[in-house]
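Residue numbers (my numbering), protein chains in the order written: chain A, 237 to 356; chain B, 10 to 116.
Think of the CB as a built atom: it goes at the ideal place given N, C-alpha and C, for glycine as much as any other residue.
Below is one structure, written out as structure tokens; comments come after it.
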């Protein structure tokens, strides 16, 4: 059974970093990728990047390049999103989702979401 | 990046109605077009992938179509639980991009 369980909400200061976890089950990491997406309050969905652990491959949206890292820990079946140099514009609900080896969707299983608030 | 333009941004319809939501890509995405439903406070749910393929467990009143840069999501026989925001998404090229959403209200 495929499940993605995310870590809890966090409040961060501008300029700091955040690390969000996504524990996956159902053998996802051996056959699929995991992507991270976010949704700012009242806004639409935005793809951040993802990892295909089985192929050792990562891909990120250009606008996040240099301040984002997605890594998979196969020993704990957990995928992490680290976002650095936070600003108020990073306030959003962050989702992990099962992806395909080429990354970029369709996203058929989702985590429950993690609210990250960035405030002075 | 490929821009996805949805229309309308919102609509209201009655139970039993048939509604169509449109999505246009700024360039070709072949058939790599997906549709999601999202209810307040919930994660999105995949409804349709590869333009017209119904995701497992999704009611058959949902259907997708289109070709070239123009795609549609049709809901036939609206139900109260279809009240939600619907997003199209292209998975043709990186980065994956979404439309801005269509909010559907059931009268």
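Span of the alpha helix (DSSP H), counted from its first residue to its last, around residue i
{"i": "residue 267 of chain A", "result": "264-267"}
Contacts around residue i, its chain only, beta-carbon distance under 6 Å, and the 5 residues preceding and following it disregarded
{"i": "residue 281 of chain A", "result": "273 and 275"}
{"i": "residue 247 of chain A", "result": "353"}
{"i": "residue 23 of chain B", "result": "116"}
Per-residue burial, residue i [other beta carbons within 10 Å of its own, 16 or more giving buried]
{"i": "residue 53 of chain B", "result": "buried"}
{"i": "residue 350 of chain A", "result": "buried"}
{"i": "residue 104 of chain B", "result": "buried"}
{"i": "residue 334 of chain A", "result": "buried"}
{"i": "residue 14 of chain B", "result": "exposed"}
{"i": "residue 34 of chain B", "result": "buried"}
Beta-carbon proximity list for residue i, same chain, < 8 Å, skipping 5 on both sides
{"i": "residue 313 of chain A", "result": "259, 260, 261, 264 and 265"}
{"i": "residue 18 of chain B", "result": "109, 110, 111 and 112"}
In DSSP terms, what residue i is bridged to
{"i": "residue 296 of chain A", "result": "A:285"}
{"i": "residue 272 of chain A", "result": "A:285 and A:332"}
Distance CB(residue i)-CB(residue j) smaller than 8 Å
{"i": "residue 202 of chain B", "j": "residue 20 of chain B", "result": "The question about residue 202 of chain B has no answer, for chain B in this structure spans 10 to 116."}
{"i": "residue 319 of chain A", "j": "residue 288 of chain A", "result": "no"}
{"i": "residue 11 of chain B", "j": "residue 98 of chain B", "result": "no"}
{"i": "residue 294 of chain A", "j": "residue 285 of chain A", "result": "yes"}
{"i": "residue 323 of chain A", "j": "residue 250 of chain A", "result": "yes"}
Span of the beta strand (DSSP E) around residue i
{"i": "residue 255 of chain A", "result": "254-261"}
{"i": "residue 71 of chain B", "result": "71-76"}
{"i": "residue 114 of chain B", "result": "111-115"}
{"i": "residue 248 of chain A", "result": "246-248"}
{"i": "residue 352 of chain A", "result": "350-354"}
{"i": "residue 241 of chain A", "result": "239-242"}
{"i": "residue 322 of chain A", "result": "Run containing residue 322 of chain A: none; DSSP gives neither H nor E here."}
{"i": "residue 22 of chain B", "result": "19-22"}
Spatial neighbours of residue i in its chain, beta-carbon cut-off 7 Å, leaving aside the 5 residues before and after
{"i": "residue 93 of chain B", "result": "46, 47, 48 and 113"}
{"i": "residue 70 of chain B", "result": "84, 85 and 86"}
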